[in-house]
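Beneath this line is the structure, given in structure tokens, with notes to follow.
Numbering (our numbering), first residue to last: 1274 to 1551.
In structure tokens:
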């Protein structure tokens, strides 16, 4: 099943996406409440003129670094090598849920960067509350998957990283995280074998397969839930695929660029880059 959040002029609602048709799910609440309630879809009715929004307002955002190919490509340009610890620890940083926008929204171009970059990621949405989740049980905590464009201000990031606090303004501005276009329930896709690609203005900039993740989502869930409760509606990002970001080839985004991230079985997340500083 493909689930969406939409607005057809009467407020946000949970819907079911069937082809190009949105059906109202018959649920009075947002997507996180729908997931938490393990709610069935009610009597689905077609919706006229729906506008798709981010499929959910995440409870939290955790972003990992699962793809060795991306790190090798990016670190080569930065004259760095992958630390041995990366192979052992599925480390992550925390993003700000209030920065999330959805499909077909204009991505704000922050005034303080000259190197705005996209990042193609697969994201898992947590569906069950848990703590100290065993790795062998972790896949059962995933409700579904969506696409995440984790945008970055690369020149800002290069100034911040030496401080050792992780990314801050390099990742945080209104609209810096894009999710969508839908959530595909976990029973509908094999997250270990999904083709992923990014196009800018129709040109293929990179492609990879989710099977190349060094750390999979079970690793991430088991690690993040150590001594900490995870909740329905939290989002775990895979990190960028090989070829999934401009930093790997020193190509960055410009005003008016059309960015399309596509993941097999989920769809296409499309956005236009806005005017700088607006």
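Every residue, glycine too, gets a C-beta built ideally from N, C-alpha and C.
For residue i and residue j, what's the separation of their Cα atoms in angstroms?
i, j, result
"residue 1529", "residue 1382", "10 Å"
"residue 1282", "residue 1548", "27 Å"
"residue 1452", "residue 1422", "7 Å"
"residue 1437", "residue 1431", "11 Å"
"residue 1516", "residue 1400", "30 Å"
"residue 1317", "residue 1288", "8 Å"
"residue 1518", "residue 1347", "9 Å"
"residue 1454", "residue 1352", "36 Å"
"residue 1512", "residue 1339", "6 Å"
"residue 1310", "residue 1505", "9 Å"
"residue 1386", "residue 1324", "30 Å"
"residue 1550", "residue 1390", "15 Å"
"residue 1368", "residue 1445", "7 Å"
"residue 1333", "residue 1396", "12 Å"
"residue 1413", "residue 1465", "15 Å"
"residue 1384", "residue 1312", "43 Å"
Since residue i is in the alpha helix (DSSP H), which residue starts that stretch and which ends it?
i, result
"residue 1398", "Note, residue 1398: premise wrong, no alpha helix (DSSP H); beta strand (DSSP E) at 1393-1399."
"residue 1417", "No alpha helix (DSSP H) contains residue 1417, which is instead part of the beta strand (DSSP E) from 1415-1423."
"residue 1346", "1341-1350"
In its own chain, which residues sit with a C-beta less than 6 Å from the C-beta of residue i, not counting the 5 before and 5 after it?
i, result
"residue 1493", "1337, 1363 and 1509"
"residue 1420", "1534, 1536, 1539 and 1542"
"residue 1274", "1458"
"residue 1290", "1275, 1277 and 1455"
"residue 1503", "1399 and 1403"
"residue 1496", "1363"
"residue 1491", "1408, 1411 and 1412"
"residue 1520", "1347, 1390 and 1427"
"residue 1531", "1474 and 1545"
For residue i, which beta-bridge partners are listed by DSSP?
i, result
"residue 1238", "In the structure as shown, the chain starts at 1274 and stops at 1551, and residue 1238 therefore has no counterpart that could be examined."
"residue 1543", "1533"
"residue 1508", "1334 and 1398"
"residue 1389", "1426"
"residue 1294", "1291"
"residue 1432", "In DSSP, residue 1432 forms no bridge with anything."
"residue 1280", "1285 and 1324"
"residue 1275", "1457"
"residue 1307", "None; residue 1307 has no bridge partner."
"residue 1319", "1296"
"residue 1404", "None; residue 1404 has no bridge partner."
"residue 1362", "The partner list for residue 1362 (beta bridge, DSSP) is empty, contrary to what the question assumes."
"residue 1514", "BP columns for residue 1514 are empty, so no partner."
"residue 1486", "1340"
"residue 1373", "1450"
"residue 1549", "1382"
"residue 1503", "1403"
In terms of residue numbering, what span does the beta strand (DSSP E) encompassing residue i cover?
i, result
"residue 1452", "1450-1458"
"residue 1482", "1476-1482"
"residue 1473", "1468-1473"
"residue 1365", "1365-1368"
"residue 1382", "1379-1382"
Taking 7 Å as the limit between beta carbons, can you name the residues of its chain near residue i, skipping five residues before and five after?
i, result
"residue 1447", "1372 and 1381"
"residue 1315", "1298, 1299 and 1300"
"residue 1319", "1294 and 1296"
"residue 1388", "1426, 1427, 1428 and 1525"
"residue 1501", "1404"
"residue 1366", "1336, 1439 and 1440"
"residue 1467", "1395, 1482, 1483, 1536, 1537 and 1538"
Here's a check: name, in chain order, each residue in its chain whose Cβ is nearer than 8 Å to the Cβ of residue i, leaving out the five neighbours to either side.
i, result
"residue 1307", "1276, 1287, 1298 and 1300"
"residue 1477", "1470 and 1471"
"residue 1499", "1405"
"residue 1378", "1448, 1451 and 1544"
"residue 1344", "1338, 1355 and 1359"
With three or more beta-carbon pairs closer than 8 Å as the criterion, would you say the region 1485-1501 touches the region 1299-1310?
no
At a cut of 8 Å, does the region 1369-1385 reach the region 1456-1476 through at least three beta carbon pairs?
no
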